[in-house]
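Chains as they are written, first to last, in the working numbering: chain A, 45 to 698; chain B, -15 to 205; chain C, 1458 to 1762.
As structure tokens, the structure follows; a few thoughts come after it.
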Amino acid sequence: MLLLLLSLGLLLAGSALAVLFFRRPAAARAAGVAAALLASVCGLAASLQTLFSGGFSSLSLPWPVPMASFSLVLDPLAAFFLIPIFLLTGAGALYGAGYLDGNARERAGLAWGAFDLLSASMTLVVLSANAVLFMTAWELMALSSFLLVLFDHERPQARKAGYLYLVTGAAGALALLLAFSLLSPSGGPMDFARFARPGGAAAAAAFLAALCGFGLKAGFIPLHVWLPEAHPAAPSHVSAVMSGVMIKMGIYGLLRVLGFLLPWPAWWGGLILAFGAVSALGGVLFALAQHELKRLLAYSSVENMGLILMGLGLGMLAVSDGDYALAALSFSGALLHALNHSLFKGLLFMGAGSVIKSTGTGELEALGGLSKKMPVTASYFLLGSAAISGLPPFNGFVSELLLGLAGLLALGPRSRLAPWGAVVIVSLAAVGTLAAACFVKASGSVFLGLPRSRRTDGAREAGRPMLAAMAVPAAGIALVGLFPSAALRPLSAVLGSILGPGAAGFLSAYASVPLACAGAAAAGLAALLLALWTARALLLRGRKPGAGPTWDCGYAEPTPRMQYGASSFSQPLTDLFQPVIRVIGRYPRIQEYFPSGASFSTEAQPLVYNTLYTPAARRIRGLAYRFSWLQQGRLQFYIMYIAAALIGLLLWKL
Amino acid sequence: MHILAELVIVLIILLDLGLAVTGSLSACIRLVAAQGVLAGLLPLLAGTEGISAGTAAFAAVIVLLKGAVFPWLLIRARDRSGARQDVEPLVSYPVSVAFCLGSFVAASWLGSRLPLPETGVAWIVPASLATVFTGFLLITTRTKAITQVLGYLVMENGIYIFGLALFVQQPMMVELAILLDVFVAVFVMGIAIFHISREFDHIDTAELSELSDWRREGYGS
Amino acid sequence: METLRPLSGLLAALLLAPLLPGVANKVKAFFGGRKGQPVLQLYYDLAKLLRKTPVYSVTSTWIFKAGPAVGLGALLLALTATPFAGRSAPLAFDGDLMLVVYLLGLARFATVLAALDTGSAFEGMGASREAQFAVFAEPAFMLGLGALACITGSVSLSGIFGALTVATWAAAAPVLLLLTAAFFVVMLAENSRVPADDPNTHLELTMIHEVMVLDHSGPDLAFILYGASLKLWFFAALIACMVLPRHSGAWATDTGLFLLAVIGVAAAVGAVESAMARLRLLKVPYLLITAFAFSALALILQLAR
């Protein structure tokens, strides 16, 4: 706990120093990066220690705010979510040091201040054991990330994204306040330790409010609308932190609140599982239709949050069914996927950032052939792509194996959860292949083939700090993939703090053999590949392979423009899913006999935003217009309103 | 153990799936006929005791009617109307499959909820309900009048199987009443389609809606 | 001896897999009234290709060269988890079917990336279609395996196919028939056979798998061809395990029957190929959706009984 307080202090100090040094960007950067790196090392050490020893420590200080107390609790659940925070804070700071170098120098101070504050507030969210403290940290997190989304505030998209992010953040906070007030017994500080399950409909209301509030942060469909706008708008190392870690705070919060609401009715689990399946499938379909790299990655975050929710939902259903072993398996699949997602999504956003920094565009149709100019970045991006598609021998496979195993076991004979199990495995299979298609498209059109435009002419490999930063999540991906059994102990500890101490033993019953075998299979696969590569080298020894142009079926003059583009690659699938994706193509009608300068563009319509949010916003605006007579624009009137409200409250309380 | 009866029931369900997705009108007519024949054979296979002469005769009549008379009438109606040979569905293939699977899920759930006597033959109630739903799909999502007749026939098959689930031994009472209705309906429709097609050169129900008082905006322009 | 037997099965699979495309071709030649190429043709091809010097496009990078090796490695590992003659595979654990399905995914991932690495319009087209069909084939396959898990109560390939007995067939014959049909369709699509794809056409816009490997040559092409035959073996072995539920216990009899069944599946592929035309490209997803419907129906039937 002491180490964690130290890292909190470091982050806050770094943030303050960076803002103070806003006139000297180099100093601000040094302060921000150094604080973040030191804090990550301290924090990682503390959380790993808690996770592996299964310890529990707490701290409570009085805080002179009504109903508040400065109480922090470090249990395995908190420690588990601290790991991605510190991993990506450290890697992101290192990456940002290279990434922000040279552009927007006058904003560097504010950017580093906000970055360190974001990490500090996330740490505090995870640690806090008091609703008021939690909400304060939560709002700080929203505010600091809002500042970072607005980093490029000259661009209208960034301003729109920031506005949308602010509005949804406020709505989510409102829902959370409702949930906390329903959970907390009246009078006294709103400490988590005093929270109890309210009776009757209030429990369901608290659950729904928490689902809404945390869901808006986690960004599952249909609460995801801000995510594909805000994540691409921020600088890439911040996108990595936001997509990799910040949205997991929604999952963390949901788990924490669900802990207060035991026992769970079956429909809660069903609802979450349904939301998860819809988000997973919808997210990956929308991702497939994108042709801007960072937007694609943002939609893929929606997909992965869906997978996590599916695991949570199945686990909750299993708990209400009394099958704790299945619940343990399912929950640990979800938890591990949360960690895994932060690793590969962090890596992918960093890779995307390197491409954007070096070429100035993330438009897939303008890129290509970058693996020759940026070989290391290309390898990292491919690694991340394989991992996010759930392919062995990487970490994504391990969590999807746990989820799939849970789904298959739920399908077993005499199980009442069989339909849910079927939903889980079908969604997993569909999402896995769609994600593979999506990331093959992304990495293929950025790094493989020939350049599609002159934008890549000046591209060169990312700088040393950026490459070093990418090595951190890449190592994590490989380690979890090769040694999945190591996750067993921490996951059991976390399950103990969600389902009660008895649940810790359930996981190893189902998961220890599959995890060990998955690790063995991953090692075997690596050995096989090495053997095949050696065999190939031996076969080719002493022979000089020929070189020539790509065989293009006899076409005399193939040009790079004739390559299959990103949109063409995904078109068969987007056509089949047209009712969901709604890709609109625009092209001029060709009139003359020898047309010149034809163009064609496609755009995927944001279905949920257009069909749900726009009409709702119009309704609300119409309603607000009726009360516009209240808005007189005179100071006197507003003072009168305030006075009237205060008097009204006084009368009501009397 | 009613292995044969269960196999027939699964075939009936597969025919539902086939009906939901087939694009050819003559295939549709053949599938409906095959389903009718299978449904007609069911009482012979599902009974617990030996087959009585009455049941056998009744099954023979049903098989003859559904396997020969109805298809003949329908093919005649199709040929005379000069309609195109495809069914012109309003929904796509995947949607039809999804509807069919969904209807079967719903039917299984309903079947497990209905307080019905134990039949000993698995899936008979879900299959009957799914068949009724498939008939409904044919009626609602196909444009041609003749496919609507086919839809009614499929629904009738479903209701017949449902009756079988209720009275494994004595399906005749239910069946006779329904069969009479459907026979009349097919007859009337066959004549109606024939005449409509002579008047209008086509038998697309979408076009028939123009006969109503309601006029489309810009009609005739 | 007990540990060697699973390995002998694996070894037999590795050695005999290139026979299957030959069998399918022979059956096609028979239906076409031709003599056809020798059954062992693929062995000759592999031996020749391994001795050839490859040619690489100047556009391609290490990814192009690694693709075939990764694809073959994934399939080799998948085969170690494939049951042989109803006996347990060398690698068998709860959830190994997830591993196998994802390994097939890894092979596909590597092949598609290698195709994109050439920068050719044709290979991109094939890559796109391969990715598209997988989206429908894999859920159908997974759901079918899930239905089998539901019937047998086991969640590993060896467990499932070890638990399939004559009694299971007697109790759930319609369900198992549906699943066999679904697996057969998935096998045809995943192995790029008619009606999903045509293994014979090398220069048509409609082809899928063959166009992706246009640029590979020498040992790389040998890896790809061998990997393809292993994939066919994998599906044929699963289907053979489905339709051969009875085991005498005698090692030789079981093995012989199983090999006959596997070759029978390959012959069935050839027969389908002779009797059917390739579907229009737009209709291939419909075929796979039908396979998915069969799997789903099997599961619903199993749950509703």
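The beta carbon of each residue, even a glycine, is placed where N, CA and C say it ideally should be.
*asked:* Contact criterion: CB-CB distance below 8 Å. Does C/R1762 meet it with respect to chain A?
replied: no
*Run of the alpha helix (DSSP H) containing C/A1594, from where it starts to where it stops*: 1578 to 1609
*Using the C-alpha atoms, what's the distance from C/A1571 back to B/L57?*
58 Å
_Rounding to the nearest angstrom, what Cα-Cα distance links B/F120 and B/G135 in this structure?_
6 Å
*Does the beta carbon of B/T110 come closer than 8 Å to any beta carbon on chain C?*
Per the sequence presented here, residue 110 of chain B reads as Pro, with Thr not at that position. B/P110 counts as touching chain C.
*For A/P120, which residues in chain C fall below 9 Å Cβ to Cβ?*
Those within 9 Å of A/P120 in chain C number zero; the least Cβ separation is about 25 Å.
*List the endpoints of the continuous alpha helix (DSSP H) containing A/G359.*
337 to 365
*asked:* Residues in the same chain with beta-carbon distance under 7 Å from B/H(-14), minus the five sequence neighbours each way, listed in chain order, please.
replied: L29, A30, G104, V105
*What's the call for B/E201, buried or exposed, on a 16-neighbour Cβ count within 10 Å?*
Annotation note: pLDDT 48 at B/E201 (below 50); position unreliable, no value reported.
*DSSP state of C/T1575, grouped into three classes?*
coil
*On a CA-only basis, which of B/V53, B/F83, B/A40 is nearest B/A218? Give me that one, please.*
Nothing about residue 218 of chain B can be reported from this structure: the residues present for chain B run from -15 to 205 only.
*Contact check, C/L1756 vs C/C1607 under 8 Å by CB: the rounded distance?*
6 Å
*asked:* In whole angstroms, give me the CA-to-CA distance for B/V109 and A/D365.
replied: 28 Å
_Looking at chain A, is there any beta carbon in it that lies within less than 8 Å of the beta carbon of C/T1575?_
yes
*Within its chain, find whatever has a CB closer than 6 Å to the CB of C/A1594; leave out the 5 residues flanking it on each side and keep chain order.*
V1643, A1646, E1647, L1745
*Under 8 Å, do A/L171 and A/V117 count as touching if we go by C-beta distance?*
yes
*Cβ of C/L1736 less than 8 Å from any chain B Cβ?*
no
*Pairwise C-alpha distance: A/M166 and A/A173*: 13 Å
*Please name the residue in B/A4, B/I(-4), B/I(-3), B/A40 whose C-alpha comes closest to that of B/T125.*
B/A4
*Could you pull out every unbroken alpha helix (DSSP H) segment of at least 4 residues lying fully inside the segment 162 to 242 of chain A, listed in chain order?*
175 to 193, 200 to 227
*Round the Cβ separation of C/S1577 and A/T594 to the nearest angstrom and send it over; I've been treating them as touching at under 8 Å.*
5 Å
*asked:* Give me the DSSP bridge partner(s) of A/T655.
replied: Note: A/T655 sits in no beta bridge, so no partner.
_Integer Cβ distance of C/V1480 from C/A1724, believed to fall under 8 Å_ = 6 Å
*Measuring CB to CB, does B/V138 end up less than 8 Å from B/L122?*
yes
_Relative to the C-alpha of C/L1532, which candidate in C/L1473, C/A1761, C/K1688, C/G1524 has its C-alpha closest?_
C/K1688
*For C/L1497, which of helix, strand or coil comes out of DSSP?*
coil
*At a Cβ threshold of 8 Å, is C/T1518 touching chain A?*
yes
*Please go through the same chain and pick out, in chain order, the residues whose beta-carbon is closer than 6 Å to the beta-carbon of C/A1638, but skip the five residues on each side of it.*
F1751
*Among A/T403, A/A530, A/R238, A/L358, which one has its Cα closest to the Cα of A/V442?*
A/A530
*By Cβ distance below 7 Å, which residues in the same chain neighbour B/T118 in space, the five residues on each side in sequence not counted?*
D0, L3, A4, C84, S87, V138
*A/F114 by DSSP, collapsed to three states: which one?*
strand
*Neighbouring residues, chain C, relative to A/G448 (Cβ below 7 Å)*: G1552, M1555
*8 Å Cβ cutoff, C/G1610 in contact with chain A*: yes
_Quick check: A/D397 and A/P517, are their CB atoms within less than 8 Å of each other?_
First, the residue type needs correcting, since residue 397 of chain A is Gly and not Asp in the sequence shown. In this structure, A/P517 does not lie closer than 8 Å to A/G397 by Cβ.
*Between A/L227 and the rest of its own chain, which residues show a CB-CB distance below 6 Å, the 5 nearest in sequence each way excluded?*
F239, A250, F304
_Helix, strand or coil for A/I628? Go by DSSP, reduced to three states._
strand
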